[in-house]
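Adding 34 to a residue's 1-based position in the sequence shown gives its number in my numbering.
Worksheet: the structure to be examined is printed underneath.
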Amino acid sequence: MRTWSTFQQNIFNFVESGEGNAIIKAVAGSGKTTTIVEALSRVKGNSIFLAFNKSIAEELKSRGVNARTFHSLTYSPVMRAIGARSVDSNKLRGIIADTFSGADARTYGTFCARLVGLARQAGIGCLIDDTDANWFALVDHHDLEVDGEGATIEQGVALARGLLRDSNEARSADFDDLLYFAVKNGVSLPKFDFVFVDEAQDTNAIQRAILRKIMHSGTRVVAVGDPAQAIYGFRGADSDSMNLIRDEFDAIELPLTVSYRCPQSVVRFAQQWVEHIEAAPTAQEGAVTALDAWNATTFEPTDLVVCRTTKPLIALAYRMLASGVGVKVMGREIGEGLKSTIEKQKAKGIPALIEKLTASTARDAEKARAKGRDDRAAALNDRTDAILCLIEALDENERSIPALLRLIDRIFNDQRGVTTLATIHKAKGFESERVYWLNSSQCPSRWARKDWQKAQEINLCYVAATRAKAELVLIEDK
């Protein structure tokens, strides 16, 4: 028979015989999924587990749990309500192409699509009023900028408001619409007696509104998460979402402070950021070391290498490929973003690409720094440096843009049995016996400006360290 910790037993007692709602503050590796699956087996009535992503939902379904993502929960009801058959992931891009002038599409298209996505997550037009103040508050919170000669934030916001209006009138939906339309259009959703929410630290206003829609007068909510792992504020998640859930749903707090993943040495190392994380009584000592001498052949197929930025990972990936070491970089969308940046230059060959890319990056980075956006300038340079690194890696006999795009596809692959490289953002939710933290000295980023950004940079350090199940190795780029 399994032995449960006092913290876990308190959670089981709460769901079995307690009243009201709760937030469970679960440190990294605390066995939250195992705990919640057990708690679900003890509740009465119909229940649902709202998972952070599809892979987690599918894993839990295989364990007999009624697990859904927010999007899968709303998919069928919303699609029926608007009379659509499938999600149109290019919806906003299509509206921009049809309604913006060519100049506005080039100057404001990306800005408007990003801002409208954030507006829907914040619930503009259904949870909060569609006012100038609320739109500009989003722009300010996320430090959004418009690139282009003569471009203004005011015009960008005006175009974004029109884009949202046109999107709301269209008989189609993208993924953000699935949640937004469910709330804005009053779409009926099933109700449950017990609702468990995973990764609650990464929720936003529209998701909290979905929670209210699937509750009846007696529904109880248990939200599980770790405030110290809140790292997705740039995507629209509320940086203080667990406190917002606690206050909005009048929830008590229950702790899960014992990490069953990390060895004692890693826990001690992580306590510099999260004091209350504890090692399990049976945890091995493990190791946290700094490795001065290393190269592309240092890594084993089971290792995970994490880094705050992309360029060092790209450089390492190529060195490993050149040395015959199997490697992949996690995050196919990162690779697609690099390819998109290359294609936007419309260069006819590698020399022209280098010239256009370096010139545009220098220009945009200078504008960003002039506006006090050193963080954006650093991100622009990181992206360009990653591409230039890949260009340097091309064979002298095949220095072409098609060859460069193929190299990106080769690095950002899904193969197994090879060393995995990942940005810390992408590594969240993963673990490995041995984790190498590349350029830990550069985290937290010094470019964070706002308080919520600074807090999430600290959280990234904690996330990086706590991926390790046995050994954490700190290495610096040479």
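Ideal Cβ positions, reconstructed from N, Cα and C, are used throughout, including at glycine.
Cα-Cα separation between residue i and residue j, rounded to whole angstroms
| i | j | result |
| --- | --- | --- |
| residue 319 | residue 494 | 23 Å |
| residue 206 | residue 219 | 13 Å |
| residue 277 | residue 285 | 9 Å |
| residue 360 | residue 452 | 5 Å |
| residue 312 | residue 111 | 43 Å |
| residue 45 | residue 151 | 36 Å |
| residue 121 | residue 208 | 5 Å |
| residue 86 | residue 105 | 10 Å |
| residue 409 | residue 478 | 12 Å |
| residue 390 | residue 415 | 14 Å |
| residue 249 | residue 367 | 35 Å |
| residue 62 | residue 297 | 12 Å |
| residue 420 | residue 349 | 7 Å |
| residue 388 | residue 134 | 30 Å |
| residue 165 | residue 156 | 13 Å |
| residue 154 | residue 202 | 10 Å |
| residue 53 | residue 316 | 33 Å |
| residue 221 | residue 380 | 44 Å |
| residue 169 | residue 214 | 16 Å |
| residue 99 | residue 51 | 21 Å |
| residue 407 | residue 355 | 35 Å |
| residue 507 | residue 189 | 48 Å |
| residue 191 | residue 176 | 14 Å |
| residue 38 | residue 256 | 19 Å |
| residue 179 | residue 127 | 19 Å |
| residue 470 | residue 325 | 9 Å |
| residue 200 | residue 159 | 13 Å |
Local Cβ density within 10 Å of residue i, reported as buried at 16 or more and exposed below that
| i | result |
| --- | --- |
| residue 97 | exposed |
| residue 474 | buried |
| residue 238 | buried |
| residue 462 | buried |
| residue 358 | exposed |
| residue 47 | exposed |
| residue 124 | exposed |
| residue 446 | buried |
| residue 449 | exposed |
| residue 275 | buried |
| residue 309 | exposed |
| residue 226 | buried |
| residue 487 | buried |
| residue 235 | buried |
Cβ-Cβ separation, residue j to residue i (assumed contact under 8 Å), whole Å
| i | j | result |
| --- | --- | --- |
| residue 499 | residue 262 | No, residue 499 and residue 262 are not in contact; Cβ-Cβ is about 11 Å, not under 8 Å. |
| residue 435 | residue 383 | 7 Å |
| residue 173 | residue 198 | Not a contact, Cβ separation roughly 14 Å. |
| residue 102 | residue 82 | 6 Å |
| residue 71 | residue 94 | 7 Å |
| residue 496 | residue 307 | 4 Å |
| residue 392 | residue 418 | 7 Å |
| residue 245 | residue 109 | Residue 245 to residue 109, Cβ: 17 Å. No contact. |
| residue 57 | residue 376 | Between residue 376 and residue 57 the Cβ distance is about 44 Å, and since that is not below 8 Å, they are no contact. |
Please specify which runs of the beta strand (DSSP E), each continuous and at least 3 residues long, are wholly inside the segment 208–263, giving them in chain order.
-> 226–231, 249–259
Contact between the segment 417–425 and the segment 368–377: three or more CB pairs below 8 Å?
-> yes
Entirely within the segment 50–112 and at least 4 residues each: give me those alpha helix (DSSP H) ranges in chain order.
-> 66–74, 88–95
Which full runs of the alpha helix (DSSP H) of 4+ residues lie inside the segment 257–325, going along the chain?
-> 275–282, 298–304
Of all the alpha helix (DSSP H) runs that stay within the bounds of the segment 416–446, which reach a length of 4 or more residues?
-> 435–445
Pairing CB atoms from the segment 499–508 with CB atoms from the segment 324–340, are three or more of them under 8 Å?
-> Taking 8 Å as the limit for Cβ pairs, the verdict is that the segment 324–340 does touch the segment 499–508.
At least three beta-carbon pairs within less than 8 Å, the segment 139–146 to the segment 168–185 = yes
At what residue ranges does the segment 138–178 contain a whole run of the alpha helix (DSSP H), taking only runs of 4 or more?
-> Listed in chain order, they are 166–175.
Which residue spans inside the segment 374–407 form an unbroken alpha helix (DSSP H) run of at least 4?
-> The DSSP assignment places complete alpha helix (DSSP H) segments of no fewer than 4 residues inside the segment 374–407 at 384–404, in order along the chain.
Only counting runs of 4 or more residues, tell me where the alpha helix (DSSP H) segments fall wholly within the segment 437–506, in order along the chain.
-> 458–461, 485–499
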